[in-house]
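Participant: This structure is in structure tokens; I'll ask about it shortly.
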Amino acid sequence: MERYEKYKDSGIEWIGKIPEHWKVKRLKYCISINDDVLNETTDEEFEINYVEIGDVNFLTGINNSTVYKFKNAPSRARRIVKEGDVIVSTVRTYLKAIAQIKKIYGNLIVSTGFAVLRPKTIDSSYLGYYVLTPFFIHKTIADSVGVSYPAINSSNIGLFETVVPSLSEQTHIATFLDRKTAEIDRIIDNKQKLIAFYEEEKQAIINQAVTKGLDPNVTLKDSGVEWLGEIPEHWSLIKLKRISAKITDGEHISPNFTLEGMPFLSAKDVRDGFVQIDYDKFVSNEDGDFFRKRCNPESGDILIVSRGATVGRVAIVDTDEKFCLLGSVILIKPTPRILSKFLLNSFKNKLLLDNFLLTSQSSAQQAIYLVNVAEINLSLPPIQEQINIIVHIEKECSRLDTIIEKFNKQIDLLQEYRITLISEVVTGKIKVPNTIEA
410 MERYEKYKDS GIEWIGKIPE HWKVKRLKYC ISINDDVLNE TTDEEFEINY
460 VEIGDVNFLT GINNSTVYKF KNAPSRARRI VKEGDVIVST VRTYLKAIAQ
510 IKKIYGNLIV STGFAVLRPK TIDSSYLGYY VLTPFFIHKT IADSVGVSYP
560 AINSSNIGLF ETVVPSLSEQ THIATFLDRK TAEIDRIIDN KQKLIAFYEE
610 EKQAIINQAV TKGLDPNVTL KDSGVEWLGE IPEHWSLIKL KRISAKITDG
660 EHISPNFTLE GMPFLSAKDV RDGFVQIDYD KFVSNEDGDF FRKRCNPESG
710 DILIVSRGAT VGRVAIVDTD EKFCLLGSVI LIKPTPRILS KFLLNSFKNK
760 LLLDNFLLTS QSSAQQAIYL VNVAEINLSL PPIQEQINII VHIEKECSRL
810 DTIIEKFNKQ IDLLQEYRIT LISEVVTGKI KVPNTIEA
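Numbering-wise (the working numbering), the sequence shown opens with residue 410 and increments by one.
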């Protein structure tokens, strides 16, 4: 692509050379910071759309918001934003929670953990792209203070040196990037739809195999269970408690964490099909042994997340290492009548999860309860058939996972290209076609 005719040193290490006619300014001269907040006299019934740090990602912007009445809102729900503002996380800056407010919906309020940057003498869209560049993000992280909870003062962001072309060039650059990023986003969206299609195909393969088997000509019978429907005539219908040596859950008391000892796992450590021990939380071996008297995960056991954002996620324990569990995870020890991997796939059946959530007695959040798990009806084939089904599912899902992985890698490359393009354009390494230098 085209470059500018003349360049000069910007004096900013992470940016290097910029077009000769561009200026370098401290960001505070182009914006205002944290102009508006909700005061404590706000009507208690005032309804807000609240955005916190976890709702924002620099690649996708604002992904979620939660509706609250002011009286029930978190105390940090205070910063008012307007269309064109940019929000930058000032806490846990490594999460890169940065986004431009392109559209206001409802009374949008963000956490006090954000700095709200309001454009004054800079094009709002140009600013929105500038904060997505690696040097802005790296500077924000590098200037943060603290190890476990790094944070930066909002006023320090105002001290960042910023490259500033003329306002007309800013607008021209932003328009160009709007068009180019939209093209990239459309391609990414199409690939994400393909991934969703293949994920649905995996789910269909699992559902069919664990409820109907592999023989398309098998004689079926009515299971008598509405969500399960018909099952092979020679299969058994059995409650999970009849084929489980133990069904329990993790600790419901807050443990005393230590720097070393026995790993203490929660819902976040239950991944899709496997358990990942991150060694970030420990209890003493003495406390761990006490917790394991009731809930003792062992190789071959099944773990199910019982509440929270990943409710229903299921994994098989594939390690002999001792660890203990938080109460948000249910443990099932299968008897020899059912193979662990068959039980794992049975719980991956979306119809089963939907039935669990339908029987939940919680109105505040979706949850799975021990009593419901114990009473769930499962279709149970003979052991050899279980083995054949496991092999079939692993083979077919592996084939589809290879396709999904290919699309995910393509999406990663497209996102990298998107960020590189933004960075190159807003620092003048690339000249936007038909730019009038001013």
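All C-beta atoms, glycine included, are put in the ideal place defined by N, C-alpha and C.
Quick caveat: nothing in here was measured; it's all calculated off a predicted structure.
Within 10 angstroms of the Cβ of S549, are there 16 or more other Cβ atoms? Answer buried if so, exposed if not.
Facilitator: Locating residue 549 in the sequence shown gives position 140, where the first residue counts as 1. For the sequence presented, residue 549 should be read as Thr rather than Ser. Buried, because 16 or more other Cβ atoms sit within 10 Å of the Cβ of T549.
Participant: Which one of Y535, V714, I597 and G633 has the shortest CA to CA distance from L576?
Facilitator: As a first step, residue 576 must be located in the sequence shown, where it is residue number 167. Comparing Cα-Cα distances from L576 to each of Y535, V714, I597 and G633, the minimum goes to Y535.
Participant: Look up C733 in the DSSP assignment and say whether it is helix, strand or coil.
Facilitator: Looking up residue 733 in the sequence shown gives position 324. Of the three classes helix, strand and coil, the one that applies to C733 here is strand, per DSSP.
Participant: Compute the Euclidean distance between the alpha carbons of F455 and V490, then round it to the nearest angstrom.
Facilitator: If you number the sequence shown from 1, residue 455 lands on position 46. If you number the sequence shown from 1, residue 490 lands on position 81. One C-alpha to the other measures close to 16 Å.
Participant: Could you name the residues of the same chain whose beta carbon sits closer than 6 Å to that of E833, not counting the 5 residues immediately before and after it, in chain order?
Facilitator: Reading the sequence shown from its first residue, position 424 is the one you call residue 833. Closer than 6 Å at the Cβ level, and outside the excluded window around E833, lie I839.
Participant: Based on DSSP bridge pairs, tell me the residues matched to G633.
Facilitator: Here residue 633 refers to the residue found at position 224 of the sequence shown. Beta-bridge analysis with DSSP links G633 to no other residue.
Participant: Smallest Cα separation from I796: which of L623, P543, L568 and T499?
Facilitator: Taking the sequence shown and counting its residues from 1, one reaches residue 796 at position 387. I796 has its Cα closest to that of L623, out of L623, P543, L568 and T499.
Participant: Starting from the C-beta of D418, find all residues in its chain whose C-beta is less than 7 Å away, skip the five residues before and the five after it, and write them out in chain order.
Facilitator: Residue numbering aside, residue 418 sits at position 9 when the sequence shown is read from its first letter. K426, listed in sequence order.
Participant: Output yes or no for whether 9 Å exceeds the beta carbon distance between T590 and S653.
Facilitator: If you number the sequence shown from 1, residue 590 lands on position 181. If you number the sequence shown from 1, residue 653 lands on position 244. For T590 and S653, no; Cβs fall outside 9 Å.
Participant: Alpha carbon to alpha carbon, how far is K478 from V634? Give it in angstroms, no decimals.
Facilitator: What you label residue 634 is simply residue 225 of the sequence shown in a count that begins at 1. What you label residue 478 is simply residue 69 of the sequence shown in a count that begins at 1. Computed Cα separation, rounded: 42 Å.
Participant: Among I647, L517 and W431, which residue has its Cα nearest to the Cα of P790?
Facilitator: Position 381 of the sequence shown holds residue 790. Of the listed residues, the one whose Cα sits closest to P790 is I647.
Participant: On the DSSP letters alone, give me the boundaries of the alpha helix (DSSP H) that A654 sits inside.
Facilitator: In the sequence shown, counting from the first residue as 1, residue 654 sits at position 245. First-last for A654: S653 to D658, but that is the beta strand (DSSP E), not the alpha helix (DSSP H).
Participant: Of the residues D698, S807 and R703, which one's Cα is nearest the Cα of K611?
Facilitator: Translated into the one-based positions of the sequence shown, residue 611 becomes position 202. Of D698, S807 and R703, the residue nearest in Cα terms is S807.
Participant: With a 10 Å radius around its C-beta and 16 neighbouring C-beta atoms as the bar for buried, classify A583 as buried or exposed.
Facilitator: To locate residue 583, count along the sequence shown from 1; it is residue 174. Its Cβ being crowded by 16 or more others within 10 Å, A583 is buried.
Participant: Take the Cβ of H547 as the centre, count every other Cβ of all protein chains shown within 10 Å, and call the residue buried at 16 or more, exposed below.
Facilitator: Taking the first residue of the sequence shown as 1, we reach residue 547 at position 138. Per the 10 Å Cβ criterion, exposed.
Participant: For R701, I'd like the list of residues in its chain whose CB is within less than 6 Å of its CB, leaving aside the five on either flank, ordered along the chain.
Facilitator: Mapped onto the sequence shown, residue 701 falls at position 292. If we look at R701 and ignore the five residues flanking it on each side, its Cβ neighbours are C733.
Participant: Taking 9 Å as the threshold (C-beta atoms), are Q509 and V500 in contact?
Facilitator: Position 91 of the sequence shown, counted from the start, is the residue given in the question as residue 500. Position 100 of the sequence shown, counted from the start, is the residue given in the question as residue 509. Cβ atoms of V500 and Q509: not closer than 9 Å.
Participant: V726 by DSSP, collapsed to three states: which one?
Facilitator: Position 317 of the sequence shown, counted from the start, is the residue given in the question as residue 726. The answer is coil: DSSP assigns V726 none of H, G, I, E or B.
Participant: Under three-state DSSP, which class holds P842?
Facilitator: Taking the first residue of the sequence shown as position 1, residue 842 is located at position 433. The answer is coil: DSSP assigns P842 none of H, G, I, E or B.
Participant: Roughly how far, in whole angstroms, is the beta-carbon of N684 from the beta-carbon of A724, given that I think they are within contact range, below 8 Å?
Facilitator: Along the sequence shown, read from residue 1 onward, the residue named residue 684 stands at position 275. Along the sequence shown, read from residue 1 onward, the residue named residue 724 stands at position 315. Just to set this straight, residue 684 is Val in the shown sequence, not Asn. Yes, they are in contact, since the Cβ atoms of V684 and A724 sit about 5 Å apart, within 8 Å.
Participant: Assess, as a yes-or-no matter, whether the segment 596-614 is touched by the segment 814-834 under the definition of 3 or more beta carbon pairs within less than 8 Å.
Facilitator: yes
Participant: DSSP state of E608, grouped into three classes?
Facilitator: Looking up residue 608 in the sequence shown gives position 199. DSSP places E608 in helix when its eight states are reduced to three.
Participant: Would you mind working out which of F467, M671, A676 and R680 sits nearest D698, comparing C-alpha positions?
Facilitator: Mapped onto the sequence shown, residue 698 falls at position 289. Residue M671 is the option with its Cα nearest to D698.
Participant: Can you list, in chain order, the residues of its chain with a C-beta nearer than 7 Å to that of S563? Leave out the 5 residues immediately preceding and following it.
Facilitator: Working through the sequence shown from its first residue, we reach residue 563 at position 154. The answer, listed in chain order, is I442, N443, T499 and A524.
Participant: State the DSSP-derived secondary structure class of A600, mapped to helix, strand or coil.
Facilitator: The residue labelled residue 600 in the question sits at position 191 within the sequence shown. The question names Ala, but residue 600 in the sequence shown is Lys. Helix, per DSSP.
Participant: Can you tell me which of the three DSSP states I640 falls into?
Facilitator: Your numbering for residue 640 matches position 231 in the sequence shown. Strand.
Participant: Considering K750, what are the terminal residues of the alpha helix (DSSP H) in which it resides?
Facilitator: Here the question's residue 750 lines up with position 341 in the sequence shown. Where K750 is concerned, the enclosing alpha helix (DSSP H) stretches over S749 to F756.
Participant: Of the choices L761, S737, L752 and S693, whose alpha-carbon is the least far from that of K731?
Facilitator: In the sequence shown, counting from the first residue as 1, residue 731 sits at position 322. When only C-alpha atoms are compared, the closest one is S693.
Participant: May I ask you to report which of helix, strand or coil DSSP gives S645?
Facilitator: Along the sequence shown, read from residue 1 onward, the residue named residue 645 stands at position 236. Note: S645 maps to strand in three-state DSSP.
Participant: Please determine if the segment 429-443 and the segment 459-479 are in contact, where contact requires at least 3 C-beta pairs separated by less than 8 Å.
Facilitator: no
Participant: So, using beta-carbon positions, are A486 and L447 closer together than 9 Å?
Facilitator: Numbered from 1 along the sequence shown, position 77 holds the residue referred to as residue 486. Numbered from 1 along the sequence shown, position 38 holds the residue referred to as residue 447. Taking the C-beta atoms as reference points, L447 is found nearer than 9 Å to A486.
Participant: Who are R527's beta bridge partners in DSSP?
Facilitator: Here residue 527 is taken as the residue at index 118 of the sequence shown, counted from 1. DSSP lists S441 as partners of R527.
Participant: Could you spell out the range, first to last residue, of the alpha helix (DSSP H) harbouring D821?
Facilitator: Here residue 821 corresponds to residue number 412 of the sequence shown, with the count starting at 1. It spans I792 to V835 - the alpha helix (DSSP H) in which D821 sits, taken as one unbroken run.
Participant: Roughly how many whole angstroms lie between the Cα atoms of R827 and T521?
Facilitator: Here residue 827 is taken as the residue at index 418 of the sequence shown, counted from 1. Here residue 521 is taken as the residue at index 112 of the sequence shown, counted from 1. The alpha-carbon atoms of R827 and T521 are separated by roughly 29 Å.
Participant: Note down the Cα distance separating I686 from D678, rounded to an integer number of angstroms.
Facilitator: Indexing the sequence shown from 1 puts residue 686 at position 277. Indexing the sequence shown from 1 puts residue 678 at position 269. Approximately 6 Å, taken between the alpha carbons.
Participant: In three-state DSSP terms, what is A591?
Facilitator: One-based indexing of the sequence shown puts residue 591 at position 182. It is helical.
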